[in-house]
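Residues 6 to 154 (the numbering used here) make up the sequence shown, in order. Note sheet for the following structure.
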Amino acid sequence: MWFLKRFDELNINELYEILRVRNEVFVYEQKCLYQDLDYKDQQSYHLFYKENGKVVFYLRIIDKGVSYNEISIGRVLVVKTHRRKGLCRQGMLKSLKFIKNELKETQIRISAQEYLIPFYEEFGFKTTSDLYFEDNLPHYEMFLDKVRV
Numbered sequence: 006m007w008f009l010k011r012f013d014e015l016n017i018n019e020l021y022e023i024l025r026v027r028n029e030v031f032v033y034e035q036k037c038l039y040q041d042l043d044y045k046d047q048q049s050y051h052l053f054y055k056e057n058g059k060v061v062f063y064l065r066i067i068d069k070g071v072s073y074n075e076i077s078i079g080r081v082l083v084v085k086t087h088r089r090k091g092l093c094r095q096g097m098l099k100s101l102k103f104i105k106n107e108l109k110e111t112q113i114r115i116s117a118q119e120y121l122i123p124f125y126e127e128f129g130f131k132t133t134s135d136l137y138f139e140d141n142l143p144h145y146e147m148f149l150d151k152v153r154v
C-alpha cells in the first residue's frame, strides 16, 4: 500500500520503519557511514510502500531551498527482496506526478549515485556536474527542467 505524508503526519511506527529501512540499505548494505538524520526529513514529504507492515520502497521529496533552490528527491531505496519488480519506477512516477500536480513545481535537482544515472535519465533528468564522491560513493548532480508525467 502506498503512503505519502509530511513528517508531522508520520506515526511513530512509520517513522521507525523508515529509519530502519534507510539504515538497512544505506548503512548496512551499501556500507555508507554518514549522518542520515540531517534535519531534512522535517522539511520533506515521505513516499513509501508497505507490504506486510514493512517499508519496501521509500523516497523523500525535499522542499525547495533545503538541499537545492529547487525541489529535490532523495534517499530513494528498494529493499533487496523487492528489486527488479518495477517498484522504484512506480515510486518515481508517483513522486513526479505529485510534484507537478500538487506542488505545482516543474524543476527538480537530485544527487544520483553513478550507477543510477540511466534510470534517472529515463525520466528526463540530465547530468549537470562532474563526478563527485558523497559518502564514499560516486555521484552526479542531475537536473530535471520540466516534469513530463
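Even glycine gets a Cβ: it sits at the ideal position worked out from N, Cα and C. Every value quoted in this text rests on a predicted model; they were computed, and no experiment measured them.
Shown here, R27 sits in a helix according to DSSP, grouped into three states. For G96, the enclosing alpha helix (DSSP H) begins and ends at 92 to 106. By the neighbour-count criterion, in which 16 or more other beta carbons inside 10 Å mark a residue as buried, L98 falls on the exposed side. The residue from S49, Q35, L121, E119 with its alpha-carbon nearest to that of L20 is S49. Of the candidates F53, Y63, K45, G96, the residue whose Cα lies closest to the Cα of S72 is K45. Where E146 is concerned, the enclosing beta strand (DSSP E) starts and stops at 142 to 149. If you look at F128, you'll find it isn't in any beta strand (DSSP E); DSSP assigns it neither H nor E.
Residue environment analysis places Y39 among the exposed positions, since fewer than 16 neighbouring C-beta atoms fall within 10 angstroms of its C-beta.
Between the stretch 52 to 65 and the stretch 75 to 91, the count of Cβ pairs shorter than 8 Å is three or higher; the stretches touch.
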